[in-house]
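Chains as they are written, first to last, in this note's numbering: chain D, 180 to 289; chain R, 16 to 126.
Where is the CB? At the ideal position from N, CA and C, for every residue including glycine.
On a predicted model such as this, the values are computed, not experimentally measured, just so you know.
Remarks on the structure that follows.
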Amino acid sequence: AQRVTQPEKLLSVFKGAPVELKCNYSYSGSPELFWYVQYSRQRLQLLLRHISRESIKGFTADLNKGETSFHLKKPFAQEEDSAMYYCALTASGGSYIPTFGRGTSLIVHP
Amino acid sequence: EPEVTQTPSHQVTQMGQEVILRCVPISNHLYFYWYRQILGQKVEFLVSFYNNEISEKSEIFDDQFSVERPDGSNFTLKIRSTKLEDSAMYFCASTDSRGLFFGSGTQLSVL
């Protein structure tokens, strides 16, 4: 069975501070990992996926298979980054059904 | 950019009533999904749909739930006899290779 754990329900930082939203996963095979974001009163939207190895809105995430982690990082948080962030996992080669973590609410104070 | 659209945005119903939540996935996507999110809890998978049939469903998706693609564009979720615990935000999603694209959700309130 696959599981995604986001240990922090809430993360509160000041503008300009570094941010790291933690995500750990449990899956015996080779996973695909994603981060989704939900801004206030907006829909869930894909932020980034590990296989793209891209940086979106200054955020990056590296898949660490040894630690089974996919932490989301940004060196300098902005107020507009305040949102709910969900880590998700899909089993590669299987049915494309992402399993979501419970989410972390990021609040960036001015 | 194309979007997944959901209607209505809010639905209030009495316990025991049937509700139908509607979704229009992105036109060239082939996989469709329903997820729900109870207030304060995580996003939960309900069902996936491919090639005009259910491909997978969770234990939440019991006999009270059904999905249908009645025409080439709509994808509906029906709850036959709603219960209080069905109150949640219901998200429709469709996918291409880049990941899931979500609708803005339908907030279902069962009284």
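Looking at the DSSP output, P210 of chain D bridges to D:A270. In the displayed model, D241 of chain D falls within coil according to three-state DSSP, outside both helix and strand.
Only buried fits L61 of chain R, as 16 or more other CB atoms lie within 10 angstroms of its CB. Put simply, of R:T121, R:G114 and R:E100 the residue whose alpha carbon is nearest the alpha carbon of G31 of chain R is R:E100. DSSP, read as helix, strand or coil, puts D78 of chain R in coil. The way I'd put it, the segment 16-28 of chain R doesn't touch the segment 75-82 of chain R; fewer than three beta-carbon pairs between them come closer than 8 Å. Taking the Cβ atoms as the reference, A262 of chain D lies roughly 18 Å from P277 of chain D, outside the contact range of under 8 Å. Ranked by Cα distance from K236 of chain D, the options D:E187, D:P210, D:A180 and D:Q257 are led by D:Q257.
The Cβ of E71 of chain R sits closer than 8 Å to at least one Cβ of chain D. The C-beta separation of S284 of chain D from L189 of chain D comes to about 5 Å, placing the pair in contact by the 8 Å criterion. By the rule that beta-carbons nearer than 8 Å mark a contact, V58 of chain R touches chain D. Chain-ordered listing is empty here: chain D has no CB closer than 8 Å to the CB of L99 of chain R, the nearest sitting near 22 Å. Partner residues in the beta bridge of C107 of chain R, as assigned by DSSP, are R:W49. Residue nearest to G280 of chain D within the set D:D260, D:L226, D:S209 and D:W214 is D:W214 (criterion: CA-CA distance). Taking all protein chains in view, the Cβ of I35 of chain R is surrounded by fewer than 16 other Cβ atoms within 10 Å, so the residue is classified as exposed. In this structure, F238 of chain D lies away from L225 of chain D, with their beta-carbon atoms at least 8 Å apart.
With a 10 Å radius around the Cβ and a threshold of 16 neighbouring Cβ atoms, G118 of chain R comes out buried. Short of 7 Å from the beta carbon of Y50 of chain R, and not among the five residues preceding or following it, lie these beta carbons of its own chain, in chain order: V58, E59, F60, L61, F106 and A108. The alpha carbon of T91 of chain R has as its nearest neighbour, out of R:P17, R:T28, R:E16 and R:P40, the alpha carbon of R:P40.
For the segment 204-237 of chain D, the beta-carbon criterion of a distance under 8 Å to any beta-carbon of chain R is satisfied by F213, Y215, Q221, R222, L223, Q224, L225 and R228.
Of the residues assessed, A240 of chain D falls on the buried side of the cut-off, its CB having 16 or more other CB atoms within 10 angstroms.
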